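What follows is a single structure, written as structure tokens, with notes after it.
Residue numbers (this note's numbering), protein chains in the order written: chain A, 12 to 340; chain B, 25 to 952.
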């Protein structure tokens, strides 16, 4: 009898607390989405982006081995993206260096309804743009640790976002007054990141920028981490938000990492005309080797990228989301 | 000095005993710090250039420390089983030390179609419909990177390759990892039809646990059997306890000191207890037998230990007999083992150091403890009763003695037959080959071995090595010509047909080329431009390529998978590959074949070679010491015979029956050599000692054989029994060792008791050092009229055919009325001359050191006119006419002055007699 009474009391107390718990969850989802949508809206201020990038692929922990020959691979590439008023988004990546890869291109196009199409161009194989099947959406491309989805703007309509208190994770030791943590949980269909159960964004609220994203596998472990460094304020009044000039993707599962350094960035329609995203223009970029040689002549890009990587990695753990998250160079 | 030390040892026995106990306790404290390391990594020398090349390859292409997990299930390609497999993959990736996993979940694949390509991770998502799964299965089987590597041809077995961090090879890691892995796999038993794993952690863990099990069971069992056999044979509990006590002290102190010095117990030093028991048992048994003979000779067995009592005297005499042979044995075996302490291979160096310590401690404890124990408990050492065993051993000893009394012709015929046998064995020894395979240590019925075979049958072997190729130029392996060379190399491996698989960047490129041509197998070829090669490689994640090609494309790696256990075969095939690689490279490409198992194999071979070298050093040490003892190289050579013959016998038999030399069989040689050397040192020292008292060398030989054969037979038979217990071992290699050691023990017994005495009977050995050890002896010889005008060399040569005899006070050297063909030179002491005249003994004075007598009998057989009796302890050098004539006719430069000196002596003796007669006649005529 006593037992039944105790159980009843417990149930009553639980019911008392249940509505506020639901209410809290609801609020977390609402504020998480609001935060992500505000970030997404900010990036829509720049519909035309041209970037010259240096990509360094290396094994995780290579710092311990030294920058020995043969343990890293360096590429120079151009990135174009263009958003149209009708919701179409196009991105084009063209490799300029090394010479053997010059002209290799990846073209993406997404429409307002969320449909994505991808093509690749291999100049040494044929003059055709080859369709890349949808199954590749979650796979890394061109041997790097970035996936195709990383090239696309965050598809906020395909995720539920939940704002979590930072204090819930004592390991991170981040200042709770500056960072927010948002979990992005994929909705059932069309998950752009099918290899991961969820992503966890760490957002610098003051600068309105994602400082780091953790990719959690289906077992709930951090399999990859993307961190942004060398942050620069955008806009004349520095009110256009911040962008990282260096992105480090650490792939813990594969023991590998990809460092993307933006050497030059221009937000201008004249740099990204619509004619770039055509078969003829893409095919015209392959083969001569001239760009590769030009880039080699300006090889300080490579040194710059390596120097930057060194500065970030030497003397401690790989960059993490912490108080240094703001462009620390 | 030795004598003084021995006397002090007996006088301060109680203090000594307490000191031994104290030091043993102190050293034994180190046992708590002792570590066991059965890892084969310590075989690989740090400075080994092959190791440096291997480490470079591992840095470049990742670890080859791979544990293979095979999952068999008839319904593998169902959503449920694939989901389970995915869970297993995740669980395994959590294990500490796993660098990464290569399996169906990590492998990328490409599928070409008319309009494009599909690049995907094979099982990034588990399909739910049967049609999708079936298509995926077909695709996997159609992918040459998956079929035969990660999936069996029938699709029912898949492999998960757990690439472990290269540095994770320590003994502790292996044990922990194996436990964790088994725990994870245990959670899936019953979920799949079969779940097997093999890798270094499992092999090392099983080696370690089996080794410990052997230690716990076999050594005590072996010791018990030895004790029982000794009790039966010697009919004395004390005799059985002595070797056990000394072995116990030696084992405690040796392993304790190893603990203090940080020397781990490794695969080789695990044999140390057996070695200690063997050497210790032999010595203790010799000492016990010698003591018992001394006691039996007196027939008095007082139970007191005071100096002057019979037991005390027996112990002292035993020590006088045994100390030199014991020290010789200890020094020779210790030198043999110490020779390897400078080895670059940690395993050998540690073992050599431990074995040297063990030999020294064993000698020390035998020398200190056995006499003390005999002094305290020797009363129980009853003289040999005539039990069945004793009668049998007695008969054997008798037969051996009779064998030595055969005619010279028969003896030489026997020796000739031994020589023929030796030549036959030498011929077959040349066919011997070395092999080392950790899996061959286990019996074939063991699950580990069975699993390895099953896994190889299912997909491929569980062993890996790399063929790394380095081009002269950066990006050299984008060049189609260079890639074609890699392809030729892969094709040769396939043609060889001995390895299970060989995967390289060539396979990746051919596969991608095919898929970019809509799966047309005609395009399963290498692209013909470096651009296309580079562009195709973009479709693999860098971490997947890392195993096959460096980021700058200057190096490539062919990963070869196999299940060849026999290192001899493996090295032969690898040798073929090296030749092909050198031919294909044409000086443009640098090639290297590396792998941890190859390093271990080559190190194991080096180990065996170093063991053989150490044996040669041991033999050399024995030769030098015995040559010094007898001041004759003949003595040194004869001492080698009983050691060499069993070695030859074993190597010859191994060669004849094509049995490889492995660490187990190689250890047999060390142990048998130990016991053989021990036996020959004792026999020859005894013979040398007896020759001092017996002018008849053949008689001395027979006597030595009678004295020494019993302990040697007893020790050899009991130890052979002890070794046979090892047949129960968990390791095939140890069982082989046990059997071979037992057989060799008996063969070495034959060599020691039959062949060595036959050889000794053919030559004359004189321990010159005995004669020259005292400076007054050397002076005496130089000044003796017998050697007047002879050079030191001539004197030494002449002494070779003499006998050094020792007599106690009262002993008769010559008997009145007897015949003798000897001439004597007194080196020490005094002899009295007396004669029986009409029943009354009359004394005719005495002869002191330096005097010569017996020269008349030497020239012509005459009846002795005097008794010559030792008045105190006397040492004489005895020349036999027969021996002299026999040997010196070949050396006229020695015979001539010696005979001349003897004739002068005789002449002066004649002149003396004539003078005396003349004087007597003059006195008589004066009187008349």
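For every residue, glycine included, the Cβ atom is placed at its ideal position computed from N, Cα and C. Treat the numbers as computed from the prediction; the structure is a model and nothing was measured.
Backbone secondary structure at residue i - three-state DSSP
i, result
"residue 179(A)", "Only weak support is given to the placement of residue 179(A): the predicted model assigns it a pLDDT of 47, under 50, and the question is left unresolved by the model."
"residue 901(B)", "strand"
"residue 587(B)", "coil"
"residue 890(B)", "coil"
"residue 140(B)", "strand"
"residue 42(B)", "helix"
"residue 59(B)", "coil"
"residue 29(B)", "helix"
"residue 338(A)", "Residue placement at residue 338(A) cannot be trusted, given a pLDDT of 30 that sits under 50; what the coordinates show is reported in the next sentence. Residue state, collapsed to three classes: coil."
"residue 260(A)", "strand"
"residue 135(A)", "coil"
"residue 776(B)", "helix"
"residue 366(B)", "coil"
Nearest-angstrom Cβ-Cβ length linking residue i and residue j, presumed shorter than 8 Å
i, j, result
"residue 183(B)", "residue 89(B)", "With 8 Å as the limit, residue 183(B) and residue 89(B) do not qualify as a contact, their Cβ atoms being about 16 Å apart."
"residue 255(A)", "residue 242(A)", "5 Å"
"residue 572(B)", "residue 528(B)", "6 Å"
"residue 479(B)", "residue 486(B)", "6 Å"
Within chain B, the residues that residue i reaches when beta carbons sit closer than 8 Å
i, result
"residue 115(A)", "559, 562"
"residue 84(A)", "566, 575, 576"
"residue 111(A)", "499, 502, 554, 555, 557, 558, 559"
"residue 136(A)", "540, 556, 559"
Candidates the options, of which the one nearest residue i by Cα
i, options, result
"residue 171(B)", "483(B), 576(B), 575(B), 596(B)", "483(B)"
"residue 105(A)", "62(A), 84(A), 143(A)", "62(A)"
"residue 668(B)", "157(B), 126(B), 640(B)", "640(B)"
"residue 457(B)", "628(B), 310(B), 402(B), 508(B)", "628(B)"
"residue 770(B)", "673(B), 725(B), 273(B), 278(B)", "673(B)"
"residue 181(B)", "208(B), 356(B), 481(B), 886(B)", "481(B)"
"residue 175(A)", "154(A), 211(A), 197(A), 155(A)", "211(A)"
"residue 595(B)", "625(B), 41(B), 127(B)", "625(B)"
"residue 216(B)", "291(B), 96(B), 300(B)", "96(B)"
"residue 253(B)", "124(B), 742(B), 891(B), 933(B)", "742(B)"
"residue 671(B)", "685(B), 418(B), 98(B), 946(B)", "685(B)"
"residue 190(A)", "220(A), 169(A), 173(A), 197(A)", "220(A)"
"residue 110(A)", "129(B), 556(B), 681(B)", "556(B)"
Closer than 9 Å at the beta carbon, the chain B residues around residue i
i, result
"residue 284(A)", "By Cβ distance, chain B contributes nothing, its closest Cβ being about 26 Å from residue 284(A), past 9 Å."
"residue 68(A)", "566, 575"
Boundaries (first-last residue) of the alpha helix (DSSP H) holding residue i
i, result
"residue 573(B)", "Run containing residue 573(B): none; DSSP gives neither H nor E here."
"residue 506(B)", "504-520"
"residue 79(B)", "73-85"
"residue 674(B)", "657-680"
"residue 264(B)", "261-285"
"residue 162(B)", "154-166"
"residue 268(A)", "Element bounds for residue 268(A): not the alpha helix (DSSP H) but the beta strand (DSSP E), 267-277."
9 Å Cβ cut-off: residues of chain A touching residue i
i, result
"residue 90(B)", "The contacting residues do not exist; residue 90(B) stays about 15 Å from chain A at best."
Endpoints, beta strand (DSSP E) assigned at residue i
i, result
"residue 566(B)", "Not the beta strand (DSSP E): residue 566(B) falls in the alpha helix (DSSP H), residues 566-569."
"residue 831(B)", "826-831"
"residue 132(A)", "127-132"
"residue 101(B)", "Looking at the DSSP string, residue 101(B) is not in any beta strand (DSSP E), and its letter there is neither H nor E."
Chain B contact residues for residue i, given Cβ-Cβ distances below 7 Å
i, result
"residue 153(A)", "562"
Contact list for residue i against chain A, beta-carbon separation under 8 Å
i, result
"residue 999(B)", "Chain B is shown from 25 up to 952; residue 999(B) falls before or after that span and cannot be answered."
"residue 139(B)", "141, 142"
Amino acids of chain E, ordered along the chain, whose beta-carbon sits closer than 7 Å to that of residue i
i, result
"residue 133(A)", "Here the protein chains are A and B, and chain E is not one of them."
Interface partners of residue i on chain A, CB under 7 Å
i, result
"residue 570(B)", "70"
"residue 150(B)", "Those within 7 Å of residue 150(B) in chain A number zero; the least Cβ separation is about 10 Å."
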